[in-house]
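Under my numbering, the first residue of the sequence shown is numbered 44, with each subsequent residue one higher.
C-beta: ideal position from N, C-alpha, C; glycine also.
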Amino acid sequence: MGQKVELQTGLPGLFEPEPADDMGVEQPEGSPSSSVEVSGEAAAHLVIFALGDEQYGVDIDSVESIIRPKSITAVPRAPDFVEGVTNLRGTVLPVVNLHRRFGLPEQNAGKDTRIIVAESDGNKVGMMVDAVLEVRRVPEAAIEPPSPLVTTVDSAFITGIAKVGDDRLIILLDLEQVLAHQRANGAQ
Numbered sequence: 044m045g046q047k048v049e050l051q052t053g054l055p056g057l058f059e060p061e062p063a064d065d066m067g068v069e070q071p072e073g074s075p076s077s078s079v080e081v082s083g084e085a086a087a088h089l090v091i092f093a094l095g096d097e098q099y100g101v102d103i104d105s106v107e108s109i110i111r112p113k114s115i116t117a118v119p120r121a122p123d124f125v126e127g128v129t130n131l132r133g134t135v136l137p138v139v140n141l142h143r144r145f146g147l148p149e150q151n152a153g154k155d156t157r158i159i160v161a162e163s164d165g166n167k168v169g170m171m172v173d174a175v176l177e178v179r180r181v182p183e184a185a186i187e188p189p190s191p192l193v194t195t196v197d198s199a200f201i202t203g204i205a206k207v208g209d210d211r212l213i214i215l216l217d218l219e220q221v222l223a224h225q226r227a228n229g230a231q
């Protein structure tokens with residue numbers, strides 16, 4: 044994996060200590076939305092994770108919790124990018140394999156593998172990722188739209204590229220598009 048970034052634990056209620064079963068993202072009522080101000084300018088509040096050597100970010104408002112992988116049951120005839128379902132606190136949670144969803148080479152689950160539990164179209168979905176790296180506010184000025192040369196209908200889930208520091212790029216994702224079944228099957 045590329046550059047390893049320490050988890051930013053200074054945000055209350057975001058990450059539990061390592062022995063805990065899952066790491067919840069709980070925002071109290073009235074907490075700032077994902078577009079907040081950093082030093083007087085608008086910023087996106089992101090959960091940043093790794094898939095292979097690349098880093099991706101999703102809006103923190105769509106993330107409910109971050110858990111360690113649990114037993115996953117395969118579902119017959121599910122789309123190939125659906126890993127299966129798992130039991131999350133008594134609720135059946137579908138789990139999407141983002142390596143398959145993005146057409147990336149698959150990697151074996153490691154000690155840093157996590158499932159990001161997010162809400163999409165009113166449904167909870169788990170996204171299997173190689174590691175959750177940090178939670179960060181990125182100034183809107185540091186986010187550029189994706190170039191038309193690198194985006195196609197199949198990559199409509201990319202909303203932008205965030206520049207962090209001198210050489211770090213984070214691909215920003217639209218979860219609604221990433222998890223849309225119709226888009227994944229090529230239908231409109």
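- Taking 8 Å as the cut-off, the Cβ atoms of I201 and L212 do not count as close.
- Nearest to G153 by alpha-carbon distance, out of E107, G127, G95, is G95.
- V128 is not a Cβ neighbour of M170, given a cutoff of 8 Å.
- DSSP places A185 in the helix class (H, G or I) of the three-state scheme.
- One alpha carbon belongs to D210, the other to A184, and they sit about 16 Å apart.
- Remark: C-beta atoms of V172 and A93 approach each other more closely than 8 Å.
- Between R143 and D164, the C-beta spacing is not below 8 Å.
- Secondary structure of Q98 (DSSP, three-state): strand.
- Residue range 201-207 is occupied by the beta strand (DSSP E) that includes V207.
- A residue is called buried when at least 16 other Cβ atoms come within 10 angstroms of its Cβ; A86 meets this threshold and is buried.
- A Cβ-Cβ separation of about 24 Å leaves S105 out of contact with E149 under the 8 Å criterion.
- When DSSP states are grouped into helix, strand and coil, R111 belongs to the coil group.
- In the three-state DSSP reduction, S163 falls in the strand class (E or B).
- When C-alpha distances from Q98 are compared across V221, G146, K206, the shortest belongs to K206.
- Rounded to the nearest angstrom, the Cβ distance from I109 to R157 is 5 Å, consistent with a contact under 8 Å.
- The bridge partners DSSP lists for E126 come to none.
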